[in-house]
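See below for the structure under consideration.
2 protein chains.
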Amino acid sequence: MLMPTDTFFTRRRTVRRYSGRQLSDDTLRELFEEASHAPTTGNMQLYSAVVTRSAEMKRRLAPMHFGQPQFQGCQAAVTVCADLRRFTRWCEISGAEAGFDNLQMFFAGVLDAAMFAQQLCTAAESRGLGTCYLGTTTYNAPEIAEALSLPQLVVPVTTVTVGYPDECPADPGRLPVEAIMHQESYEDFSDSRLRELYADKEAREDSRRFVEENSLENLAQVFARVRYPRNPTNASRSRLRLLYARPASISEHH
Amino acid sequence: MLMPTDTFFTRRRTVRRYSGRQLSDDTLRELFEEASHAPTTGNMQLYSAVVTRSAEMKRRLAPMHFGQPQFQGCQAAVTVCADLRRFTRWCEISGAEAGFDNLQMFFAGVLDAAMFAQQLCTAAESRGLGTCYLGTTTYNAPEIAEALSLPQLVVPVTTVTVGYPDECPADPGRLPVEAIMHQESYEDFSDSRLRELYADKEAREDSRRFVEENSLENLAQVFARVRYPRNPTNASRSRLRLLYARPASISEHH
């Protein structure tokens, strides 16, 4: 398939509702093949991905993704992981010790995983498939790791749901490029400039509806109080998650 | 431009040598516009990017990227950052407090930044530009943050160099898809299976040359001892970096 790149990205939409059209194993494998050519740290490919297609695994994982319908309804859910284990073990069986027990390398694995995931999405979308990232993967990383039998040094980073679209979502809108693009050094926006940059977003009809439905004053309050409220347990849970992801597991392994 | 998606990704190459052909500000802005439609957590766009084009900033940043020639020779270096500050400040001026002082949200920002960076690369490559990721950005994150005047809550994640190619790199090779694709649960490969999966990589002529040049026994040793040697200071430096990235900075801000 040929895609017009100047409009492909601006027209792409996250798709959460999928039709019953089957995604073949061959097509899924081709998507993996294409995505595996994404850039990767030192050509080490510090990632792996676990495909969930069976009804049994979907049932087991669904609550860890808070029952989101795009997980239930997709043709395949691909959980992309930072994987320092495969490389470390390859070194071990080659009489070499990979010194990857540091956050630097964990971070490299996270980036490798994200670059692969994003390439997988683009490869899928260019074939008319729809995709959606699930942020729940990092919320429930330890439980998901257990369900997918991830060994030490393999940490789930994100999950991409894939399927043929059964919806044509409206443009969700993005901030103007000036809000994200800084020349030579970071411009710490003044309050008035910040208001300007968010003005279009706040003026959208769906934004105003969210504000009204929640009886709040503005869109920022919808995000801060309803969609992503401060959670007193967040900080400690995050630390647990870090311990989980941390090289502690490497020393256990050795 | 139209791109054949089935071969586009498998044929893409990381490009480290750029010609003198100018990259216009307009084209760069278009790349940002396209990349800004990459998926993003809750449509919050928890990232920003700082463009380095001036000779002065290049000179200043070059040592932080260990003098890599692709940084010196590129038309633009784009340092992509997890940015929790813009969103937090937008909430503040809207009478809302963003509870983003946890690793969960930092992680969301890192993923948003990586998805944006990868979309930027694909948009650039589809126009005939070449790109290269610089892993040095996380090695020297604190110094780079200072050079780019990044305020608190803005953490550099990676840098993408962009320019028109002055080389046609050979295929660096990737592991077979079976090495990264797991069905339903993670398969912890046996030693012999692992050897099979790395066999083609080890048999490559460039791999054998690396081994010979370094007077080592095999490719894994080249990676573990020469390219990514264990560094006794890595662990502590990583911790410093985490503190740097951590919400400590948020509480200072409030």
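In order, the protein sequences belong to chains W and A. Position in the first sequence (from 1) plus 100 gives the number in the numbering used here. Position in the second sequence (from 1) plus 100 gives the number in the numbering used here. Beta carbons: idealized from backbone N, C-alpha and C, even for Gly.
Legend entry - Sequence-distant residues of its chain with Cβ nearer than 7 Å to T261/A (five each side left out): The sequence position of residue 261/A within the second sequence is 161, counting from 1. Closer than 7 Å at the Cβ level, and outside the excluded window around T261/A, lie Q170, F171, C174, A177, T231, C232 and L234.
Legend entry - For S154/A and P265/A, the rounded distance between their alpha carbons: Start at 1 with the first residue of the second sequence, and residue 265/A comes out as number 165. Start at 1 with the first residue of the second sequence, and residue 154/A comes out as number 54. Taking the straight line from one Cα to the other gives about 20 Å.
Legend entry - Start-to-end residues for the beta strand (DSSP E) that takes in M281/A: Mapped onto the second sequence, residue 281/A falls at position 181. M281/A -> beta strand (DSSP E) spans M281 to Q283.
Inset, instruction - Using 10 angstroms around the beta-carbon of A299/W, count the other beta-carbons present and answer buried if the total reaches 16, otherwise exposed. - result: Position 199 of the first sequence, counted from the start, is the residue given in the question as residue 299/W. With fewer than 16 other Cβ atoms within 10 Å, it is exposed.
Inset, instruction - Just confirm the distance between the C-beta atoms of R356/W and L253/W, as a whole number of angstroms; I'd bet it's less than 8 Å. - result: With chain W covering 101 to 354 only, the question about residue 356/W has no answer from this structure.
Legend entry - Distance between V255/A and S307/W (C-alpha atoms, nearest Å): By 1-based counting over the first sequence, the position of residue 307/W is 207. By 1-based counting over the second sequence, the position of residue 255/A is 155. So the alpha carbons of these two residues sit roughly 28 Å apart.
Inset, instruction - Classify Q122/W as buried or exposed, calling it buried when 16 or more other Cβ atoms lie within 10 Å of its own Cβ. - result: Within the first sequence, the letter at position 22 stands for residue 122/W. Per the 10 Å Cβ criterion, exposed.
Inset, instruction - Could you confirm whether any beta carbon from chain A is found closer than 8 Å to the beta carbon of H282/W? - result: Within the first sequence, residue 282/W is the residue found at index 182, counting from 1. Yes, its Cβ sits closer than 8 Å to a Cβ of chain A.
Inset, instruction - Please decide whether S124/A counts as near chain W, where near means a Cβ-Cβ distance under 8 Å. - result: Here the question's residue 124/A lines up with position 24 in the second sequence. The beta carbon of S124/A sits no closer than 8 Å to any beta carbon of chain W.
Inset, instruction - Could you tell me which uninterrupted alpha helix (DSSP H) segments, each at least 4 residues in length, are contained entirely in the region 290-333 of chain W, listed from first to last along the chain? - result: 291-303 and 305-313
Inset, instruction - Starting from the beta carbon of T152/A, find every residue of chain W whose beta carbon is closer than 8 Å, and list them in chain order. - result: Here residue 152/A refers to the residue found at position 52 when the second sequence is read from its first residue. Residues of chain W passing the Cβ test: E284.
Inset, instruction - List the residues of chain W that D291/A touches, going by C-beta distances under 7 Å, in chain order. - result: For the purposes of this step, residue 291/A is identified with residue 191 of the second sequence, where counting begins at 1. Near D291/A (Cβ distances below 7 Å), the residues of chain W are I193.
Legend entry - Burial state of S148/W (16 or more Cβ within 10 Å): Counting from 1 along the first sequence, the entry for residue 148/W is found at position 48. The residue is buried, with at least 16 neighbouring Cβ atoms inside 10 Å.
Legend entry - Contacts around M215/W, its chain only, beta-carbon distance under 6 Å, and the 5 residues preceding and following it disregarded: Translated into positions along the first sequence, residue 215/W becomes position 115. Closer than 6 Å at the Cβ level, and outside the excluded window around M215/W, lie A138 and P139.
Inset, instruction - Measure the C-alpha to C-alpha separation of T237/W and L161/W and round it to an integer number of angstroms. - result: Position 137 of the first sequence holds residue 237/W. Position 61 of the first sequence holds residue 161/W. The alpha-carbon atoms of T237/W and L161/W are separated by roughly 10 Å.
Legend entry - Beta-ladder partner(s) of Y147/W, from DSSP: Indexing the first sequence from 1 puts residue 147/W at position 47. According to DSSP, which records beta bridges pairwise, Y147/W is partnered with A182/W.
Legend entry - Element boundaries [alpha helix (DSSP H), containing V115/W]: For the purposes of this step, residue 115/W is identified with residue 15 of the first sequence, where counting begins at 1. Element bounds for V115/W: n/a, residue is neither H nor E.
Legend entry - Nearest candidate by alpha-carbon position, reference T127/A, set L316/A, A324/A and E225/A: Stepping through the second sequence from its first residue, residue 127/A is reached at position 27. Nearest of L316/A, A324/A and E225/A to T127/A, Cα basis: E225/A.
Inset, instruction - Classify T140/W as helix, strand or coil using the three-state DSSP reduction. - result: Residue numbering aside, residue 140/W sits at position 40 when the first sequence is read from its first letter. The answer is coil: DSSP assigns T140/W none of H, G, I, E or B.
Inset, instruction - Just the C-alpha distance for G209/W and Q219/A, rounded to the nearest angstrom, thanks. - result: As a working mapping, residue 209/W is identified with position 109 in the first sequence. As a working mapping, residue 219/A is identified with position 119 in the second sequence. Approximately 18 Å between the Cα atoms of the pair.
Inset, instruction - Give the single residue among F187/A, V115/A, M157/A and R129/A whose Cα lies nearest to the Cα of Y328/W. - result: By 1-based counting over the first sequence, the position of residue 328/W is 228. Measuring from the Cα of Y328/W, the nearest candidate turns out to be F187/A.
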